[in-house]
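**Student:** Residue numbers (the numbering used here): 4 to 102.
Note that CB positions come from ideal geometry on N, CA and C, so glycine has one too.
Okay, handing you the structure first.
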Amino acid sequence: MARGTEDRRVAVGVGAANVVMCCVLLLVAVGALFVEPTTRAEETEAGQLAARIYGYWFLGGLVLFPVLRMTRTWLVHLATMIVTPVVLFALVVLSAVAR
Numbered sequence: 004m005a006r007g008t009e010d011r012r013v014a015v016g017v018g019a020a021n022v023v024m025c026c027v028l029l030l031v032a033v034g035a036l037f038v039e040p041t042t043r044a045e046e047t048e049a050g051q052l053a054a055r056i057y058g059y060w061f062l063g064g065l066v067l068f069p070v071l072r073m074t075r076t077w078l079v080h081l082a083t084m085i086v087t088p089v090v091l092f093a094l095v096v097l098s099a100v101a102r
């Protein structure tokens, strides 16, 4: 199998995984997933946990994919990790404004 075909398949999988990961992390950050925070400190901790996981996932992909010489996968990872949170934030804001 050609290397470009492998990179293309991995890029699709990474893009899908990144979108799912960003959605899950948004739910963790707002406290809708796992345990609902009841105090301000728990809310802050949930947001910080989501930000820490996001940062490690983002940086891990930025380091790993170039080492594996997967340029297309690296670009897909970069794009989905930047665009997905922006789109999710816009959806949350638009849904709040529409009420």
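#1: Taking residue 63 as part of the alpha helix (DSSP H), name the residues at either end of that continuous run.
#2: Run the CB neighbour count on residue 78, radius 10 Å, all protein chains shown included, and call it buried at 16 or more, exposed below.
#3: Check whether the Cβ atoms of residue 22 and residue 87 sit closer than 8 Å, and answer yes or no.
#4: Within 10 angstroms of its Cβ, does residue 94 collect 16 or more other Cβ (buried), or is it exposed?
#5: Put residue 34 into one of helix, strand or coil per three-state DSSP.
#6: Going by CA-CA distance only, name the one from 89, 38, 76 and 101 that's closest to residue 20.
#7: Going by CA-CA distance only, name the one from 35, 18 and 57 that's closest to residue 80.
#8: Are the beta-carbon atoms of residue 73 and residue 13 separated by less than 8 Å?
#9: Which two residues bound the contiguous alpha helix (DSSP H) that contains residue 102?
**Tutor:** Reading off the structure:
#1: Counted from its first residue, the sequence shown places residue 63 at position 60. Taken as a continuous stretch (DSSP letters only), the alpha helix (DSSP H) holding residue 63 covers 43-70.
#2: Counting from 1 along the sequence shown, the entry for residue 78 is found at position 75. When all chains shown are included, residue 78 counts as exposed.
#3: Here residue 22 refers to the residue found at position 19 of the sequence shown. Here residue 87 refers to the residue found at position 84 of the sequence shown. Contact: yes.
#4: The residue labelled residue 94 in the question sits at position 91 within the sequence shown. Counting every other CB atom within 10 Å of its CB across the protein chains shown gives residue 94 a total below 16, marking it as exposed.
#5: In the sequence shown, the residue the question calls residue 34 occupies position 31. Three-state DSSP puts residue 34 in coil, outside helix and strand.
#6: What you label residue 20 is simply residue 17 of the sequence shown in a count that begins at 1. Residue 20 has its Cα closest to that of 76, out of 89, 38, 76 and 101.
#7: Working through the sequence shown from its first residue, we reach residue 80 at position 77. With distances taken between Cα atoms, residue 80 lies closest to 18.
#8: Counted from its first residue, the sequence shown places residue 73 at position 70. Counted from its first residue, the sequence shown places residue 13 at position 10. For residue 73 and residue 13, yes; Cβs fall inside 8 Å.
#9: As a first step, residue 102 must be located in the sequence shown, where it is residue number 99. Here residue 102 belongs to no alpha helix (DSSP H), and DSSP marks it neither H nor E.
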